[in-house]
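Trainee: Each residue of the sequence shown is one higher than the one before, counting from 1 in UniProt numbering.
Note that beta-carbon positions come from the ideal geometry of N, C-alpha and C, so glycine has one too.
Note that the coordinates shown come from a computational prediction; the quantities given were computed from them, not determined experimentally.
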Amino acid sequence: MDPFADIETSQSENANSFNTGNSNNSTAGTSSSASTPSRYENQKRRDWNTFGQYLKNHRPPLALSRCSASHVLEFLRYLDQFGKTKVHTPICPFYGHPNPPAPCPCPLRQAWGSLDALIGRLRAAYEENGGRPEANPFGARAVRLYLREVRDLQSKARGISYEKKKRKRAPPQQQLSSAAPPTTSGDDA
Ligand SMILES: [Zn+2]
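1) Below 9 Å between beta carbons: does that hold for R158 and G96?
2) Between the alpha carbons of D47 and F82, how many angstroms are there, rounded?
3) DSSP state of L62, grouped into three classes?
4) Helix, strand or coil for T85 per DSSP?
5) Give me, in chain order, the residues of the same chain whose beta-carbon lies closer than 6 Å to that of Y54; leave out the 5 immediate sequence neighbours on both sides.
6) Helix, strand or coil: which one does DSSP assign to R132?
7) Compute every distance between the C-beta of T50 and the non-hydrogen atoms of ligand 1, then say whether any falls below 8 Å.
8) From P162 to R151, what distance separates their C-alpha atoms?
9) Alpha carbons only, please: which of I160, L122 and S155 is nearest the one belonging to V143?
10) With 16 as the cutoff for other CB atoms within 10 Å, does T85 come out buried or exposed?
11) Report yes if the C-beta of residue 190 is less than 8 Å from at least one heavy atom of ligand 1; otherwise report no.
12) For L108 and N129, I'd like the C-alpha separation in whole angstroms.
13) Can you tell me the Cβ-Cβ gap for A125 and K44, rounded? I've got them flagged as a contact below 8 Å.
14) Can you list, in chain order, every residue whose CB sits closer than 6 Å to a heavy atom of ligand 1?
15) Just the Cα atoms here: how many angstroms apart are N49 and A63?
16) Pull the bridge partners of L115 from the DSSP assignment, please.
17) By Cβ distance, which residues of its chain are closer than 7 Å to F51, with the 5 residues on each side in sequence left out?
18) I'd like to check one pair, I119 with L153: are the Cβ atoms closer than 9 Å?
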């Protein structure tokens, strides 16, 4: 009788906006249809402000123009203290368990998916705020490598596969409709 009873999503508490299953959520959160585009934009602006704040509080203060990949990595590590994702260490008995049955003292970190999305937004924001693409520290190789490292580490520690790569698996329609006539050389009489 209550049509809205099922709307609440359970179980996503610890998953940091990431379904571990195969559901087809886009990680960027850009559901282009229907919803307003401002949600992504708002998040991007907030991220950009956070990073600006970080630069301002940096000792010594850091100008955006001098910001390098290593500062970006520093920023990502700094964010880990606010993380909510349990990342088991190899000596933890729950290492590799997606749903541990008991608490453990392993550290909380930023989930890889969150960092990956964050970097994407900051990378765009950097250029929208006048940064030159070729100098974009968020697109630096070191940052990509770091994210890949975090992904591998967390997928092992949490027993979660992040494989979402779109491989060219299904080739686009192999229908040679009229080109090749079927080779049925049956009996014609
Ligand atoms: Zn643990």
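Mentor: Let me lay it out:
1) To locate residue 158, count along the sequence shown from 1; it is residue 158. To locate residue 96, count along the sequence shown from 1; it is residue 96. Result yes, Cβ atoms of R158 and G96 sit closer than 9 Å.
2) Residue 47 sits at position 47 when you count from the first residue of the sequence shown. Residue 82 sits at position 82 when you count from the first residue of the sequence shown. The straight-line gap from Cα to Cα measures roughly 14 Å.
3) Taking the sequence shown and counting its residues from 1, one reaches residue 62 at position 62. In this structure, DSSP gives L62 a state outside helix and strand, which the three-state scheme calls coil.
4) Here residue 85 corresponds to residue number 85 of the sequence shown, with the count starting at 1. T85 falls in the strand class under three-state DSSP.
5) As a working note, residue 54 is residue 54 in the sequence shown. Only F75 meet the Cβ criterion.
6) Residue 132 sits at position 132 when you count from the first residue of the sequence shown. Coil, per DSSP.
7) By 1-based counting over the sequence shown, the position of residue 50 is 50. No; taking the cut-off as 8 Å, the Cβ of T50 has no heavy atom of ligand 1 nearer than that.
8) As a position in the sequence shown, residue 162 is number 162, starting the count at 1. As a position in the sequence shown, residue 151 is number 151, starting the count at 1. The question names Pro, but residue 162 in the sequence shown is Tyr. Straight through space, the alpha carbons of R151 and Y162 are spaced by roughly 7 Å.
9) Reading the sequence shown from its first residue, position 143 is the one you call residue 143. With distances taken between Cα atoms, V143 lies closest to L122.
10) Translated into positions along the sequence shown, residue 85 becomes position 85. Label assigned to T85: buried.
11) Since the first and last residues shown for the chain are 1 and 189, residue 190 lies out of range.
12) What you label residue 108 is simply residue 108 of the sequence shown in a count that begins at 1. What you label residue 129 is simply residue 129 of the sequence shown in a count that begins at 1. Rounded to whole angstroms, L108 to N129 spans 32 Å at the Cα level.
13) Working through the sequence shown from its first residue, we reach residue 125 at position 125. Working through the sequence shown from its first residue, we reach residue 44 at position 44. Indeed, because the Cβ distance is near 5 Å, the residues count as touching under 8 Å.
14) H88, C92, F94, C104 and C106
15) By 1-based counting over the sequence shown, the position of residue 49 is 49. By 1-based counting over the sequence shown, the position of residue 63 is 63. The alpha-carbon atoms of N49 and A63 are separated by roughly 14 Å.
16) Walking along the sequence shown from the start, residue 115 turns up at place 115. Looking at the DSSP assignment, L115 forms no beta bridge with any residue, so it has no partner.
17) Position 51 of the sequence shown, counted from the first residue, corresponds to residue 51. Result list for F51: F75 and L122, in chain order.
18) If you number the sequence shown from 1, residue 153 lands on position 153. If you number the sequence shown from 1, residue 119 lands on position 119. Taking 9 Å as the Cβ cut-off, L153 and I119 do not qualify as a contacting pair.
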